[in-house]
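For the sequence shown, my numbering assigns the number 19 to the initial residue and increments by one for each residue that follows.
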Amino acid sequence: RTAVHEAGHAIMAWFQTHSAPPIKVSVVWRGETLGFMQHKVFERTGETAAMLEERMACLLGGRVAEELVYGDADTGASNDLQRVTDIAYYLVGHLGFSAKVGQ
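Okay, structure coming up:
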């Protein structure tokens, strides 16, 4: 299940146009982390709304992969959901990337 989850992240990251590609995927259990995907690191000065939206899509890729393969997702996706919520809140609440909020 962890391999499917991490593969979902990697597939989403591979096809993104505004983000760095994945360079490593691991399903080795370390502490409380069951697996991870690592992006290639490159310097940038800021993030656009498109970059943040792609990051959210990548985070949700693991859960979607589990749902497609197993019919549901387990609690391993809870951290991904929290991170997506944090990014969405930051995007709208702090950066004003919403046509409806604040009008």
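C-beta: ideal position from N, C-alpha, C; glycine also.
Just to confirm, is the Cβ distance from residue i to residue j under 8 angstroms?
| i | j | result |
| --- | --- | --- |
| Leu-78 | Val-102 | yes |
| Ala-67 | Phe-33 | no |
| Leu-99 | Leu-70 | no |
Run through DSSP, which three-state label would residue i get?
| i | result |
| --- | --- |
| Leu-70 | helix |
| Ser-126 | The structure shown does not extend to residue 126, since the chain is modelled only from 19 to 121, so the question has no answer here. |
| Gln-121 | Because Gln-121 carries a pLDDT of 47, less than 50, the predicted location of this residue cannot be relied on, and no value is offered for it. |
| Glu-65 | coil |
| Asp-104 | helix |
| Leu-113 | coil |
| Thr-35 | coil |
Looking only at C-alpha atoms, which of the options sits nearest to residue i?
| i | options | result |
| --- | --- | --- |
| Ala-21 | Ala-38, Val-110 and Ala-95 | Ala-95 |
| Gly-80 | Val-43, Ala-38 and Leu-109 | Val-43 |
| Pro-39 | Thr-63, Asn-97 and Cys-76 | Cys-76 |
Would you mind giving the Cβ-Cβ distance between residue i and residue j, rounded to the nearest angstrom? I have them listed as a contact below 8 angstroms.
| i | j | result |
| --- | --- | --- |
| Ala-106 | Met-74 | 7 angstroms |
| His-23 | Ala-83 | 6 angstroms |
| His-27 | Glu-72 | His-27 to Glu-72, Cβ: 12 angstroms. No contact. |
| Arg-19 | Asp-104 | Rounded, the Cβ-Cβ distance is 24 angstroms, inconsistent with contact. |
Confirm the yes/no value for this check: CB of residue i, any heavy atom of the ligand FMN, distance under 7 angstroms.
| i | result |
| --- | --- |
| Leu-99 | Judged by which ligands are present, the structure shown has none, so any question about the ligand FMN falls away. |
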